[in-house]
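Visitor:
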């Protein structure tokens, strides 16, 4: 959090020195995007409330925790592939799950497959790529998400070799 | 306002009224839920101002045209890296990336470069990445980049060659 604020302040100072007008435009753009996304964020708060209240941390830990790596990764990959949500919703929820004890490698599997694999967007994708190529692209993406997840787990020492 | 935004706002308003009512009527479950939510919301709104300022600065200072200028110049690995940078400026999900990929294809970009673009548009969009780093930490984002970008480039190169060997043609008009 401290780093985020220092980085932002540093970026703002550099921007002001370089060009005041552009900085003002940046802040206006920031506000515009924020207002556009605000309803999504409000929904995130409601979702978070339900997760925090109805699903105890111990239950989350049992299914998405470190007990059963294979099951947790599979669940995260499947969920990431079939759902479609903007990063503005997904990452605050990932942050929440992290605090509830979900390991980084599970979040890596979920976020990477969420971004790269699109079951819901498949009908659009196949009009551009054709069915076979679209299927292959999604399969390759799923494998990449799996590798990313495993390496993250190893680096954070959540998956011990 | 779009329809789903109205629905989202309505859901939130109903939820907030329920929590407020619980505190007035001392409904235990509602009050507990409220306390947990306030903690989460407080953190969320602490992260948002810097995250959005960074996104705003990025949108204004990094113009996609300046990246596009370099697209034709590189070959081999450089082409992949430039297209990855271009993908970083993408706003919106994969569904926005497909039309751009089709446009790149019709301009003569190699298939492998196009698949790098599609992969990178999913994983390195900068505004989204700022959000990711804010909630999961910069270390997580850096690790994810360092693993996934090379994987995307290598797999796209192989996939592109495989398709070219089968004289695959991408459909330029998706209608």
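Protein chains in written order, with my numbering: chain L, -11 to 149; chain H, 663 to 837.
Glycine included, every Cβ here is placed at the ideal spot set by N, Cα and C.
(1) State yes or no: is the C-beta of residue 702 of chain H within less than 8 Å of the C-beta of residue 40 of chain L?
(2) Would residue 28 of chain L count as contacting chain H if we go by Cβ distances under 8 Å?
(3) Residue 72 of chain L by DSSP, collapsed to three states: which one?
(4) Does the distance from the C-beta atom of residue 34 of chain L to that of residue 674 of chain H stay below 8 Å?
(5) I need the straight-line Cα distance from residue 672 of chain H to residue 16 of chain L, nearest angstrom please.
(6) Tell me the rounded alpha-carbon separation between residue 747 of chain H and residue 729 of chain H.
(7) Answer with buried or exposed for residue 50 of chain L, where buried requires no fewer than 16 other C-beta atoms within 10 angstroms of its C-beta.
(8) Residues of chain L with CB closer than 9 Å to the CB of residue 709 of chain H, please, in chain order.
(9) Could you spell out the range, first to last residue, of the alpha helix (DSSP H) harbouring residue 28 of chain L?
(10) Counting C-beta neighbours from all protein chains within 10 Å, is the total for residue 725 of chain H 16 or more, i.e. buried, or is it exposed?
(11) Which residue from H:751, H:706 and H:717 puts its Cα closest to that of residue -1 of chain L?
(12) Compute the Euclidean distance between the alpha carbons of residue 860 of chain H and residue 87 of chain L, then round it to the nearest angstrom.
(13) Looking at chain L, which residues of the region 717 to 732 of chain H have a Cβ within less than 9 Å of any of its Cβ atoms?
(14) For residue 622 of chain H, return the contacting residues in chain L, with the cut-off set at a CB-CB distance below 7 Å.
(15) Skipping 5 residues on each side, what residues in its chain have a beta carbon closer than 8 Å to that of residue 789 of chain H?
(16) On a Cα-Cα basis, can you pick out the residue from H:687, H:751, H:709 and H:760 that is closest to residue 111 of chain L?
(17) Counting only beta-carbon atoms, is residue 836 of chain H nearer than 8 Å to chain L?
Guide: Concretely, from the data shown:
(1) In contact: residue 702 of chain H and residue 40 of chain L (Cβ atoms closer than 8 Å).
(2) At least one beta carbon of chain H lies nearer than 8 Å to the beta carbon of residue 28 of chain L.
(3) Here residue 72 of chain L sits in coil by DSSP.
(4) Yes.
(5) Residue 672 of chain H and residue 16 of chain L: Cα-Cα distance of roughly 26 Å.
(6) Near 7 Å, if we compare the C-alpha coordinates of residue 729 of chain H and residue 747 of chain H.
(7) Exposed: under 16 other Cβ atoms inside 10 Å.
(8) At a beta-carbon threshold of 9 Å, the residues of chain L lying near residue 709 of chain H are -11, -8, 80 and 83, ordered along the chain.
(9) From DSSP, the alpha helix (DSSP H) with residue 28 of chain L extends over 8 to 42.
(10) Taking a 10 Å sphere around the C-beta of residue 725 of chain H, we find fewer than 16 other C-beta atoms and assign the residue as exposed.
(11) Measuring from the Cα of residue -1 of chain L, the nearest candidate turns out to be H:717.
(12) Because chain H is modelled from 663 through 837, residue 860 of chain H falls outside the range shown and cannot be assessed.
(13) Of all residues in the region 717 to 732 of chain H, 717, 718, 719, 720, 721, 722 and 723 have a Cβ within less than 9 Å of some Cβ in chain L.
(14) Examination of residue 622 of chain H is not possible in this model, given that chain H is present from 663 through 837 alone.
(15) These residues qualify, in order along the chain: 717, 720, 721 and 753.
(16) It is H:760.
(17) At residue 836 of chain H the pLDDT is 48, less than 50, meaning the model places this residue with poor confidence and gives no usable figure here.
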